[in-house]
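Numbering (my numbering), first residue to last: 384 to 503.
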């Protein structure tokens, strides 16, 4: 009886892991859409965030050389906003990859639980 209860608990943990993995993927998709929507104000697509950040850094360097305070302020704001978007994109990718790994681990737990349940 003890092995069957352990097997059942392992399978339940696996199902919960799969559910949380699916929820993580859905949240990553929602967050990605939100970041893409916010980047539309800068006419930047989500796949071009790194290039836009590099361009903003170059623009800031040129503004610093020119000495125009207004251009420097605008360039700093653009670079800061794109930097935050860049870090958000990295966090979203991490969340998606972690959710995929969680689904895989959950499937392993379910299979282990079923195997142990049938063993007895």
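Glycine included, C-beta positions come from ideal geometry on N, C-alpha and C.
Backbone secondary structure at residue i - three-state DSSP
i	result
residue 480	helix
residue 416	helix
residue 453	helix
residue 497	helix
Cα-Cα separation, residue i to residue j
i	j	result
residue 397	residue 468	34 Å
residue 477	residue 395	25 Å
residue 452	residue 446	8 Å
residue 411	residue 486	14 Å
residue 415	residue 385	45 Å
residue 450	residue 459	13 Å
residue 413	residue 488	23 Å
residue 393	residue 495	7 Å
Cβ shell of residue i (< 7 Å), same chain only, five flanking positions each side left out
i	result
residue 433	469
Integer-rounded CB distance, given that residue j should sit under 8 Å from residue i
i	j	result
residue 404	residue 475	That pair is no contact at about 15 Å.
Residues near residue i by beta carbon distance below 8 Å, same chain, minus five either side
i	result
residue 418	429, 468, 471, 472 and 475
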